[in-house]
Each structure stands twice: as structure tokens, then as C-alpha cells.
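Visitor: Okay, here's the structure, questions in a sec.
Protein chains in written order, with the numbering used here: chain W, -9 to 83; chain P, 31 to 278.
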């Protein structure tokens, strides 16, 4: 099915895609039919910058298990960062 | 010679007079023919959908597939265009109807057109095919496993689609539904409800639910592809369009 299950959020980052490095301003997260991964459904993440056109996008297609592991790894990595670094970076943003 | 065809990218006038990219395939002969509007799935105006469009031309129909994401992502790769459209909440129903209307009008102006136009859609396009058939003067419609025809999209998503049941009384043509028994969106129960509601309105609705198949059994480039089911279903589609677009 097309789940239509979609979350769109603002992000501050950079990604490297078809057009090279670009600033990312938006992430879209959804569970639907992948383009490339050989599964019926996948957890998909698009990191993009709509102001630079549709090609300013990095797409991820992950199995549910992989997506969960990745999400946990991201949280663990952030949890391991000394708070002072997060505060410093946040203060300069 | 049957099977000979010409296929090319053109521009048509869609909703609000917008110029919309479309893929047009037509038999090489000049015999009178019926026509088909092909509505692509949510993942986009892609190679597989163009292949379907060419198949109809090879079978003797003129066929056109509008790029429903022309406005958001002109010239973009299909996957990038689909991602852009998704983030913006998908294709509004009113715009979809206008684009299909433009595609049908284009087909009817072709010299070999017999005036009969059908519509077929896959996945999200299945729902949109029903929507078009309930909104426009068409001669046949096929819904291939379209979800949210009789059930609303869950809340909290950036899509504003609604179920189509209030429009059923306006269905303008015979409707064929092709579904997988293992699909839950739409589920066999939802398809039964669809049949019951259409029957109550006195509409012509024929459906086939295939065992051993789930969603997207026509999709040759996806693991959901079921060759035996797809082959049978293609035959059903061609017979249906042959009856209503040529034999009528």
C-alpha cells in the first residue's frame, strides 16, 4: 500500500547528493514503497533543501530493523557527547 | 502491424490550464481506436509506468500518462519528484481531476480517436482513477489496488485525501477493480464495502481479488510483482477496455 504515513520536519545540516554538498533544511520520514531497496515497504528518509530544487535531496531506504538500529545509534551517539559541546555549538548557532 | 507504436513526451493543458508534461503512446496505424489515461503511482512518473503506457499502445489503444508532479518538480528524476510532491502533501484531488480531464480532452482530439476514453491507475492512482471516473465523463475505469477509496487517510499526515464514497453516485462509467487477497490497504473487506455501496447506487462494478497476491502485483520492478496474477489481470483489463472503449 501507499501508507501516506509521512512526517516532515525542519533540520539544520548538510548532505552530499547528486548536486554535491548542500545545506539541508528539511527532512521527510515515511514508510512506503522503496524505489531501490528490494522490499515491499521501507522506512524512508529524505534530507533535502527545497529552495535548491528536487535534486537537492539525499534519500535513504532502510529495512525497519535497520532504521531502528540507526535511530538508536544516533541517539546513543548524541547521548555520548559531552554536554558542554552541545551547549557551545547551540550557543553559536 | 499490431504492436507497432510511437511514444513521446508531450505537453498538455491540465488543471487551471497549467502546462503538464505527459507521456503519450499511440499505435502506428490510423485505425479508429479507444484511448486510456494512465495514472501513475505515488512513487512517480517512472519507467515502469511509461512501460505500462506503451503496452496499451501495443494493444491498440492510444494512451497517455500525465506527470502529476510536473508543477512541483519539472524535469526532475521521478524519485526526486515524488519525494518533493510527498513533502508538499501529494496531489490535490481537484488538480488530479483537472489533469485527467486535460489528458482525456487531448486523446479525444486525436484523428484516430473514437471518442471513448478510459482511465486506469495503480496504487494511489487506483483511488485517483475512481475519483476521475466519479468526476468526469469517461467510458471505463480501472482501479488497481487503490487504498482509501472507502476509508479516510489516518489523521496527522500532510495529506488531505478523503474517502470517495460520497462521490459514488456520480460514477460515470463501468468500473473494474483489481485487488490482491493479501493486501490490507485496500483490504478485502473494504473492497466488499465498495462493491456494496456502488451496487446500491446501481453502478456497474466488477472486481477480481487474486489469491497469492498483495499490493502492487503489476509492478514488474518490485518484489510485490506476481507474474501469473499480473498476466491474468492484464488480460482482464484489455478485455474490459476492449468492451467499453472499442466494442461499445
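Where is the CB? At the ideal position from N, CA and C, for every residue including glycine.
Could you tell me which whole beta strand (DSSP E) segments of length 3 or greater appear in the segment 168 to 249 of chain P?
Guide: Listed in chain order, they are 170 to 174, 205 to 210 and 235 to 240.
Visitor: Given the structure, does residue 237 of chain P come close to the ligand HEM, in the sense that its CB is under 7 Å from one of the ligand's heavy atoms?
Guide: The ligand HEM is not part of this structure, which contains no ligands at all.
Visitor: So the candidates are P:142, P:144 and P:134; which of them puts its Cα closest to the Cα of residue 150 of chain P?
Guide: Considering only alpha carbons, the answer is P:134.
Visitor: Beta-carbon within less than 7 Å of residue 44 of chain P's beta-carbon, same chain only, minus the 5 sequence neighbours each way: which residues are those?
Guide: Excluding positions up to five away in sequence, the list reads 50, 96, 128, 129 and 132.
Visitor: Starting from residue 23 of chain W, find everything on chain P with Cβ-Cβ shorter than 9 Å and list it in chain order.
Guide: Under the 9 Å cutoff, chain P gives 71, 72, 73, 153, 245, 246, 249, 252 and 254.
Visitor: Just to confirm, is the Cβ distance from residue 193 of chain P to residue 211 of chain P under 8 Å?
Guide: Contact flag unset, no.
Visitor: Against chain P, which members of the segment 41 to 71 of chain W pass a CB distance test of less than 9 Å?
Guide: Answer set for the segment 41 to 71 of chain W: 43, 44, 45, 46, 47 and 49.
Visitor: Below 8 Å on C-beta distance, what does residue 106 of chain P contact in chain W?
Guide: Ordered by position in chain W, the residues that pass the 8 Å Cβ test against residue 106 of chain P are 43, 44 and 45.
Visitor: Kindly confirm or deny that the segment 219 to 239 of chain P and the segment 137 to 154 of chain P touch, where touching means at least three C-beta pairs closer than 8 Å.
Guide: No, they do not touch.
Visitor: By Cβ distance, which residues of its chain are closer than 7 Å to residue 118 of chain P, with the 5 residues on each side in sequence left out?
Guide: The residues are 102.
Visitor: From the beta carbon of residue 14 of chain W, is the nearest beta carbon of chain P less than 8 Å away?
Guide: Not an interface residue.
Visitor: Is any beta-carbon of chain P found at less than 8 Å from that of residue 4 of chain W?
Guide: Not closer than 8 Å to any Cβ of chain P, the Cβ of residue 4 of chain W fails to qualify, so no.
Visitor: So which residues of chain P does residue 28 of chain W contact, with C-beta pairs closer than 9 Å?
Guide: Those within 9 Å of residue 28 of chain W in chain P are 252 and 253.
Visitor: With distances taken Cα to Cα, identify the nearest neighbour of residue 42 of chain P among P:82, P:197 and P:136.
Guide: For the residues P:82, P:197 and P:136, the minimum Cα distance to residue 42 of chain P belongs to P:136.
Visitor: Can a CB atom of chain P be found closer than 8 Å to the CB of residue 0 of chain W?
Guide: So, not an interface residue.
Visitor: Would you mind stating whether residue 77 of chain P and residue 53 of chain P have Cβ atoms separated by less than 8 Å?
Guide: It is not a contact, given that the beta carbons lie outside the stated cut-off.
Visitor: Taking a cut of 8 Å between CB atoms, which residues from the segment 177 to 211 of chain P lie near chain W?
Guide: Within the segment 177 to 211 of chain P, the qualifying residues are 177, 178, 183, 184, 187, 188, 189 and 191.
Visitor: Hey, could you find the ends of the alpha helix (DSSP H) residue 8 of chain W is sitting in?
Guide: Residue 8 of chain W -> no alpha helix (DSSP H), and no H or E assigned at all.
Visitor: Just checking: is the beta-carbon of residue 113 of chain P within a distance shorter than 8 Å of some beta-carbon in chain W?
Guide: Output row for residue 113 of chain P: interface = yes.
Visitor: Do the segment 6 to 16 of chain W and the segment 76 to 93 of chain P make contact, defined as three or more Cβ pairs closer than 8 Å?
Guide: Short answer: they don't touch.
Visitor: Look up residue 34 of chain W in the DSSP assignment and say whether it is helix, strand or coil.
Guide: Here residue 34 of chain W sits in strand by DSSP.
Visitor: Starting from residue 89 of chain P, follow the alpha helix (DSSP H) in both directions and report where the run begins and ends.
Guide: Taken as a continuous stretch (DSSP letters only), residue 89 of chain P belongs to no alpha helix (DSSP H), as it is neither H nor E.
Visitor: What's the C-alpha gap between residue 83 of chain W and residue 3 of chain W?
Guide: Low per-residue confidence applies at residue 83 of chain W: pLDDT is 43, beneath 50, and the placement is therefore not dependable, though the value from the model is reported in the following sentence. Cα-Cα distance, rounded: 11 Å.
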